[in-house]
Structures are given as C-alpha cells and as structure tokens.
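Chemist:
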Amino acid sequence: MSPLEELLKTVERLRRDCPWDRKQTHESLIKYLLEETYELVDAIQLKDDAKMKEELGDLLLQVVFHAQIASERKAFDIWEVIEDLNRKLIARHPHVFGDASAEEVLKNWEENKLKERESVMDGVPRSMPALMRSQKLQDRASLVGFDFENIQQVWDKLQEELEELRQAIQNNDRKNMEHELGDVLTAVVELARFLKLDAETALQKANDRFENRFRYMERRAQQMGKDLKSMTLQEMDLLWLEAKEMDHKEEP
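Quick note: the sequence shown uses UniProt numbering, first residue 1, plus one each step.
#1: Does the pairing of the stretch 158-168 with the stretch 185-194 give three or more beta-carbon distances under 8 Å?
#2: Using a 10 Å radius around the Cβ and a threshold of 16 neighbouring Cβ atoms, would you call residue 217 buried or exposed?
#3: Can you check whether the CB of residue 43 is closer than 7 Å to the CB of residue 31?
#4: At least one CB of chain C closer than 7 Å to the CB of residue 91: is that the case?
#5: I need the DSSP call for residue 147, collapsed to helix, strand or coil.
#6: Look up residue 88 in the DSSP assignment and say whether it is helix, strand or coil.
#7: When burial is assigned at 16 or more other CB atoms within 10 Å of the CB, is residue 234 buried or exposed?
#8: With contact counted as at least three CB pairs below 8 Å, one residue from each stretch, are the stretch 195-202 and the stretch 128-148 in contact?
#9: How do the stretch 60-74 and the stretch 7-24 stand: do at least 3 beta-carbon pairs fall below 8 Å, yes or no?
#10: Under DSSP, the alpha helix (DSSP H) around residue 3 begins and ends at which residues?
#11: Taking all protein chains shown into account, do 16 or more other C-beta atoms lie within 10 angstroms of the C-beta of residue 46, making it buried, or fewer, making it exposed?
#12: Excluding five sequence neighbours on each side, which residues of the same chain lie with their C-beta closer than 7 Å to the C-beta of residue 243?
#13: By the DSSP assignment, the alpha helix (DSSP H) with residue 94 in it spans what residues?
#14: Taking a contact to mean a Cβ-Cβ separation below 7 Å, would you say residue 40 touches residue 55 in this structure?
#15: Enumerate in chain order the residues of its own chain whose CB-to-CB distance from residue 97 is below 8 Å, with the five nearest sequence positions on each side excluded.
#16: Provide the residue span of the alpha helix (DSSP H) that contains residue 139, from first to last.
#17: Give the single residue among 86, 4, 94, 172 whose Cα lies nearest to the Cα of residue 61.
#18: So what does DSSP say about residue 26, is it helix, strand or coil?
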C-alpha cells in the first residue's frame, strides 16, 4: 500500500470513528484550509524546509479531507481529483506533451481561457484577500482593453478619488466614506499595476516593517524603564524614528 493510500485509509477511519472529524463539512473546514495555506506561505517565505514539509502535509490533509467528504456524498473521490488535475496539466502544456511551441502556448493561453468563460471576471475567487482580488480583476479587465493608457491617468484618478473621500469626510457621510475609501484603494492598486508591482506583496512587506518597528519601540521603552502606554505621542514618535533608522541601516 502506498503512503497516499495509507493516508486515505486513515482519513476514512477518522471520518468514521472520530466525533470531531465526523461532524465536519466542506464549509466548516474552510477556516482550516485558509490557515494551513497561510502557514505554508510563511514557511516558504522563511525558507524553512522542515516547516514547509510539515505545512505541505497539513495542506494535503485538507485536500484529502474534502475529497473524502465529497466521496461520502457520492460526488467525486480523490482519484477523480488527481485524474482531472493530470488531464488539465497535459491539456495546458501542449509544448511539453504535444507539438506546439512554447511561444504559441503563451500567446494563446489567455485567449483560450477567455473562450472557457462567460465573463472575463469568471474564476476570480470572492474569498481572495481584497487587495489581491482587486489587482486580479483589474488585470482581467485589461485583457479586453479596459485600462488606463498611461501612468498620469492613474495619478489623476487617484487624486480624484482622494478628493471625493475628503468631501465625504467633511460631510460626515459614513456610508459614502466607505465607498470612497474603497475607490481610493482600487486606484492605489491600479498604480501598483502600472508600476509592475504586486499590491498584496507591497502591503505585506509594509505590515512586516510596521510590526518590526513597533516591536523595536516596545523593546526600547522597556530598556528605558518605561511603558509605551505611559509615554507621550512625541516620545513614541522619537522611538518610531529610531526604528526607521535601524531599518535603513539593515537594508542592503
């Protein structure tokens, strides 16, 4: 029996004999699927092979678990999942499994995908992180020419949306504030696209910088025998500037 077959038997038994596993559904497992995915991403970014191996196993468990539940519903099983995946990989790589050239494949890839969809927006998951989804939707729209022509138009759009947000704030219009803030963020993603940057990655790196700088502030305050809560905003600002300086010194 292969390791995969042993795993399938284990999951099948868990579904039969474990009260917690037995009551799980596709819907109840979503949060675990997301958690395991993010934990794998962290391991990859940390270049931690041991952790990556562990997290790949945890993610594989989610795939097998969902396939087991689907099998119990007589919908499909793990072998059908594998067969469909293999068939898709072969069909999408005619330059490897057929006579097409790599250039032909790249040229026709998006064109063929468009033919499979009723809308260019099809296939962009609503559950994606909002920033990532925004960039993906904008990329899709650009495939049919719905896009800005130059970066100046993007700057102008961003300034327009910022002004509309400022007006909503001045009018204390809570509903419109949310609307206009969303438009500002969308315009920022457009800017990222024109700069050929990934908005989600840029924000993740900014989050890391913020966390590292704040942790530095906490350590420095402790070294000074103080607590951040007891410090003035001006004192904390000085520590923040110190943290930024430390960041710049550590940059290559």
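From the three backbone atoms N, C-alpha and C, an ideal C-beta is built for every residue, glycine too.
Modeler: The short version:
#1: yes
#2: For the purposes of this step, residue 217 is taken as residue 217 along the sequence shown, with counting starting at 1. Its Cβ being crowded by 16 or more others within 10 Å, residue 217 is buried.
#3: Numbered from its first residue, the sequence shown carries residue 31 at position 31. Numbered from its first residue, the sequence shown carries residue 43 at position 43. In this structure, residue 43 does not lie closer than 7 Å to residue 31 by Cβ.
#4: Looking at the structure shown, chain C is missing, and only one protein chain is on hand.
#5: Walking along the sequence shown from the start, residue 147 turns up at place 147. Residue state, collapsed to three classes: coil.
#6: Within the sequence shown, the letter at position 88 stands for residue 88. Residue 88: helix per DSSP, three-state reduction.
#7: Counted from its first residue, the sequence shown places residue 234 at position 234. Exposed, since its Cβ has fewer than 16 Cβ neighbours within 10 Å.
#8: yes
#9: yes
#10: For the purposes of this step, residue 3 is identified with residue 3 of the sequence shown, where counting begins at 1. Per DSSP, the continuous alpha helix (DSSP H) segment holding residue 3 begins and ends at 3-17.
#11: Residue mapping note: residue 46 aligns to position 46 of the sequence shown, counting from 1. By the 10 Å Cβ count, residue 46 comes out exposed.
#12: As a working note, residue 243 is residue 243 in the sequence shown. For residue 243, where only same-chain residues beyond five positions count, the Cβ hits under 7 Å are 213, 216, 217.
#13: As a first step, residue 94 is located in the sequence shown; it is residue number 94 there, counting from the start. Its alpha helix (DSSP H) spans residues 94-97.
#14: Here residue 40 refers to the residue found at position 40 of the sequence shown. Here residue 55 refers to the residue found at position 55 of the sequence shown. Going by C-beta atoms, residue 40 is nearer than 7 Å to residue 55.
#15: Position 97 of the sequence shown, counting from 1, holds the residue named residue 97. Taken in chain order, the residues that qualify are 90.
#16: Numbered from its first residue, the sequence shown carries residue 139 at position 139. Run containing residue 139: 130-142, per the alpha helix (DSSP H) assignment.
#17: Counting from 1 along the sequence shown, the entry for residue 61 is found at position 61. Residue 61 has its Cα closest to that of 4, out of 86, 4, 94, 172.
#18: For the purposes of this step, residue 26 is taken as the residue at position 26 of the sequence shown. In the structure shown, residue 26 sits in coil (DSSP, three-state: anything other than H, G, I, E or B).
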